[in-house]
Amino acid sequence: MGMHELNLPLSDAERAELSDLADATGRTPEELALDAVRAHLRAERERVGEAAARLARAHAPLLERLGR
């Protein structure tokens, strides 16, 4: 699996807050940012999946007819 870097444009205040939190938790700013990105992706994946399931249920008769 390849690893890719991503540059994030943080304000001075955001960078300072991230650094302070990292220092307080014994982690690096990069670890905290990666955890935040992963949590966001999980939440969005769940949200989109739920929306897709709702649409599929709402349109089940049409989808069934189209699948024939």
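So in the numbering used here, spot 39 of the sequence shown is number 25, and the numbers just go up one at a time.
The C-beta atom is built at its ideal place from N, Cα and C for all residues, glycine as well.
*Can you give the Cα-Cα distance for Arg33 and Leu49, rounded to whole angstroms?*
Using only the alpha carbons, I get a separation of about 21 Å.
*With a Cβ-Cβ cutoff of 8 Å, do Pro(-5) and Ser5 count as a contact?*
In this structure, Ser5 does not lie closer than 8 Å to Pro(-5) by Cβ.
*asked:* By the DSSP assignment, the alpha helix (DSSP H) with Thr11 in it spans what residues?
replied: Bounds of the alpha helix (DSSP H) holding Thr11 are -2 to 11.
*Under 8 Å, do Leu18 and Ala10 count as touching if we go by C-beta distance?*
Not a contact, by the Cβ cut-off of 8 Å.
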